[in-house]
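Contents: one structure, followed by commentary.
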Amino acid sequence: MLDQIFKDLKNEVKFGYLKKKHPYRYPSLGSIEDQKPVQRTVVLRDSTDQFELIMYTDERSDKIHQFETNPNASLLFYNHKKLLQVKIEGKMQLIRSGKDFENYWSRVQGKSQKDFITQQAPGTPIDNPDHVEYKEDEHHFCLLKLVPESMEYLELKRPNHIRARFDKVNNWEGQFLNP
26 MLDQIFKDLK NEVKFGYLKK KHPYRYPSLG SIEDQKPVQR TVVLRDSTDQ
76 FELIMYTDER SDKIHQFETN PNASLLFYNH KKLLQVKIEG KMQLIRSGKD
126 FENYWSRVQG KSQKDFITQQ APGTPIDNPD HVEYKEDEHH FCLLKLVPES
176 MEYLELKRPN HIRARFDKVN NWEGQFLNP
């Protein structure tokens with residue numbers, strides 16, 4: 026049963042980037058700043074064969090400094106229709122160059138590229154949302170790659186909730202947990 030739960034967990038997360046309207050497309054990403062948790066919603070873009078999870082960001086965003094200081098990260102997914110929560114914790118890698126970087130940047134099309142070519146960094150105060158300025162000849166694209174170290178599955182159901190944890194150090198062998 027644990028093997029099937031682990032397979033279901035991975036498949037459910039993959040649907041997040043394969044199906045545009047899937048609730049796992051927009052997980053909450055947690056980082057640490059000044060010993061305090063910081064969360065934001067991100068877009069899940071892809072996963073590797075090793076189930077490393079890919080997101081995009083502006084390299085000037087606060088989360089970059091947070092992950093440079095402390096690479097520990099957490100992604101939290103929730104499917105309200107299935108009452109299913111998945112938490113994935115691990116180390117965040119920042120990718121700013123190389124083959125993978127170029128491959129993913131080439132996938133960012135048209136209007137979406139504007140997210141990475143603003144003159145000012147994300148979070149900079151502006152007078153009006155219409156006053157965003159762009160530098161078309163320069164981008165600030167960065168890949169975030171979460172390398173999982175543990176995964177947790179929680180399904181709320183009757184007669185019993187099902188909670189299980191899977192750890193990389195144990196070769197992803199699962200363990201049921203009291204919900």
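Just so we're on the same page, my numbering is the position in the sequence shown counted from 1, plus 25.
C-beta: ideal position from N, C-alpha, C; glycine also.
These numbers were taken from a predicted model, which means no experiment stands behind them.
When you compare only the Cα positions, how much space is there between residue i and residue j?
| i | j | result |
| --- | --- | --- |
| K106 | Q75 | 28 Å |
| F141 | E84 | 8 Å |
| K170 | R183 | 36 Å |
| S131 | S175 | 31 Å |
| M137 | E127 | Note on identity: in this sequence residue 137 is Ser, with Met being the wrong assignment. Using only the alpha carbons, I get a separation of about 16 Å. |
| Q64 | K112 | 13 Å |
| I151 | D87 | 17 Å |
| V67 | M117 | 14 Å |
| N195 | N153 | 51 Å |
| P243 | E58 | Look at the range of the chain in this structure, 26 to 204, and you will see that residue 243 is not part of it. |
| H165 | Q60 | 27 Å |
| L181 | Q145 | 43 Å |
| K124 | L100 | 25 Å |
| I187 | E161 | 50 Å |
| E163 | K139 | 11 Å |
| Y129 | N185 | 42 Å |
| L62 | T94 | Going by the sequence as given, residue 62 is Pro instead of Leu. Whole-angstrom Cα-Cα distance: 13 Å. |
| D155 | Q29 | 49 Å |
| Y81 | K44 | 17 Å |
Would you kindly check if the distance between the Cβ of residue j and the Cβ of residue i is under 8 Å?
| i | j | result |
| --- | --- | --- |
| F92 | S56 | yes |
| E37 | Y49 | yes |
| Y159 | T143 | yes |
| L168 | I120 | yes |
| A98 | L54 | yes |
| Q134 | L179 | no |
| L27 | A189 | yes |
Considering only residues of the same chain and omitting the five flanking positions on each side of residue i, which have a CB-CB separation below 6 Å?
| i | result |
| --- | --- |
| F191 | F31, M176, W197 and G199 |
| Y42 | L69, R70 and D71 |
| G115 | L171, V172, P173 and E174 |
| F102 | Y49, P52 and V111 |
| K193 | E174 |
If you drop the 5 nearest sequence neighbours on each side, which residues of the same chain put their C-beta closer than 8 Å to that of residue i?
| i | result |
| --- | --- |
| P147 | D83, R85, S86 and D87 |
| T73 | I79 and K170 |
Within its chain, find whatever has a CB closer than 7 Å to the CB of residue i; leave out the 5 residues flanking it on each side and keep chain order.
| i | result |
| --- | --- |
| F40 | H47 and Y49 |
| V157 | T143 and I151 |
Inside the stretch 44-115 only - alpha helix (DSSP H) runs reaching at least 4 residues: Counting only runs of 4 or more residues that sit fully inside the stretch 44-115, the alpha helix (DSSP H) segments are 87-94, in chain order.
With three or more beta-carbon pairs closer than 8 Å as the criterion, would you say the stretch 96-106 touches the stretch 195-203? These segments do not touch.
Please give the ranges of any alpha helix (DSSP H) in the stretch 123-154, keeping only runs that are unbroken, at least 4 residues long and fully inside the region. Counting only runs of 4 or more, we get 124-132.
Whole beta strand (DSSP E) runs in the stretch 153-189 with 3 or more residues, listed along the chain? Fully enclosed beta strand (DSSP E) runs of 3 or longer: 166-180.
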